[in-house]
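Asker: Residue numbers (this note's numbering): 103 to 458.
Structure provided below as structure tokens; questions to follow.
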């Protein structure tokens with residue numbers, strides 16, 4: 103188990119300065135692929151993502167899982183996410199098998215939107231198998247965004263069988279109030295759908311990154327970038343105890359998908375715990391600016407490459423994402439920003455999402 107002083111920055115910073123927190127949990131993004139194209143998706147998942155290199159292997163999943171436990175000991179946690187983890191069920195089962203064989207604990211949950219829950223026998227078979235392999239909790243996503251694409255009866259079927267097999271303490275329905283009173287926005291006209299999205303965000307704000315920056319941000323009152331001048335990201339980035347890791351090995355701080363802390367590789371020299379030990383944010387050209395100046399600090403970097411600020415932004419994350427996307431398109435800060443899919447720029451299979 104690591105200590106704060108095992109990190110190179112923490113050893114060098116003053117005693118009164120905030121420390122770079124230990125990563126105690128990780129979301130293993132098995133894929134960016136998803137049968138839906140939800141407006142709220144901050145990783146820009148969809149059915150048309152065609153980047154095989156971002157598919158997480160069983161080996162990498164185990165390496166990252168093991169590293170989290172080395173770093174945080176018994177308190178280390180991982181969850182299996184995407185995209186949609188059940189799109190490749192065989193791989194999901196293989197990861198669970200390998201983790202069980204290795205004696206790995208600390209699985210927080212597996213996430214799903216229940217798109218695959220078309221048959222009661224199939225759902226029971228898969229969840230029973232995963233339960234034997236150590237499934238601790240199933241999170242079922244259900245909200246106004248997901249139900250634009252996934253028929254609600256599949257969510258209801260998933261919840262019924264999961265509750266029967268796992269019990270109420272091991273099933274997380276996200277969100278229960280929507281599950282009790284679902285709203286189907288698929289048949290709605292765009293203005294009605296946007297109103298439903300706004301009502302949902304009044305209850306629970308969404309991260310205005312990825313597709314959400316494109317689909318949801320403009321539903322809010324917009325502010326000029328100067329109005330975000332005094333807002334930095336020090337607490338969000340230095341204080342993040344959680345990371346996401348994609349199949350290419352890109353490590354993202356918290357939910358700031360598209361900002362690459364570093365890269366993990368399935369070898370002994372490029373592990374997650376070693377990355378944390380060696381990371382000094384002052385050497386990172388994007389994170390250093392965000393921590394010290396906030397998203398408006400990125401404006402100067404972008405204007406050097408002819409970035410033109412928009413008339414307004416809904417949130418500091420919207421501003422940050424827009425600038426980062428511009429810089430990525432200019433091939434700037436390679437290795438610190440990416441991959442393309444996070445910015446809606448991945449090669450497409452031109453497969454339209456199913457709608458209901």
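Just so you know, even glycine gets a beta-carbon here, dropped at the ideal spot from N, CA and C.
Please read these numbers as outputs of a predicted model, since none were measured by experiment.
Let me make sure I understand the geometry here. Which of 362, 244 and 378 has the alpha-carbon closest to that of residue 546?
Answerer: It is not possible to answer for residue 546, since the shown part of the chain is limited to 103 through 458.
Asker: According to DSSP, is residue 129 part of a helix, a strand, or is it coil?
Answerer: Strand.
Asker: What residue ranges within the stretch 267 to 298 form continuous alpha helix (DSSP H) runs of no fewer than 4 residues, ordered along the chain?
Answerer: DSSP runs (the alpha helix (DSSP H)) wholly in the stretch 267 to 298: 278 to 282.
Asker: What is the rounded straight-line gap between the Cα of residue 516 and the Cα of residue 210?
Answerer: Nothing can be reported for residue 516: it is not among the residues displayed for the chain, which extend from 103 to 458.
Asker: When you compare the stretch 255 to 262 with the stretch 217 to 232, are there three or more beta-carbon pairs, one atom per stretch, that lie closer than 8 Å?
Answerer: Judged by Cβ distances under 8 Å, the stretch 255 to 262 makes contact with the stretch 217 to 232, as three or more pairs qualify.
Asker: Does the pairing of the stretch 296 to 316 with the stretch 411 to 425 give three or more beta-carbon distances under 8 Å?
Answerer: The stretch 296 to 316, when compared against the stretch 411 to 425, does touch it at the 8 Å Cβ threshold.
Asker: Need the endpoints of the beta strand (DSSP E) that residue 213 sits in, please.
Answerer: Residues 209 to 214.
Asker: Determine the direct distance from the alpha carbon of residue 369 to that of residue 431, and round the result to whole angstroms.
Answerer: Distance between the alpha carbons of residue 431 and residue 369: 31 Å.
Asker: Under 7 Å, do residue 146 and residue 356 count as touching if we go by C-beta distance?
Answerer: No, the pair does not count as a contact, with Cβ atoms beyond the cut-off.
Asker: Between the stretch 159 to 167 and the stretch 375 to 391, can you find at least three pairs of beta-carbon atoms closer than 8 Å?
Answerer: Not touching, per the Cβ criterion.
Asker: What did DSSP end up calling residue 457 once you bin it into helix, strand or coil?
Answerer: Residue placement at residue 457 is poorly supported in this model, since its pLDDT is 41, which falls under 50; the coordinates are not used for a value here.
Asker: Provide the residue span of the beta strand (DSSP E) that contains residue 352, from first to last.
Answerer: 352 to 355 is the span of the beta strand (DSSP E), which, as asked, contains residue 352.
Asker: Residue 218 and residue 245: beta carbons closer than 7 Å?
Answerer: It is not a contact, given that the beta carbons lie outside the stated cut-off.
Asker: Going by DSSP, what residue range makes up the alpha helix (DSSP H) through residue 230?
Answerer: Per DSSP, residue 230 belongs to the alpha helix (DSSP H) from 222 to 234.
Asker: Between which two residues does the beta strand (DSSP E) carrying residue 447 extend?
Answerer: Residue 447 -> no beta strand (DSSP E), and no H or E assigned at all.
Asker: Taking only beta-carbon atoms, is residue 143 less than 7 Å away from chain C?
Answerer: Within the model displayed, chain C is absent; a lone protein chain is all it includes.
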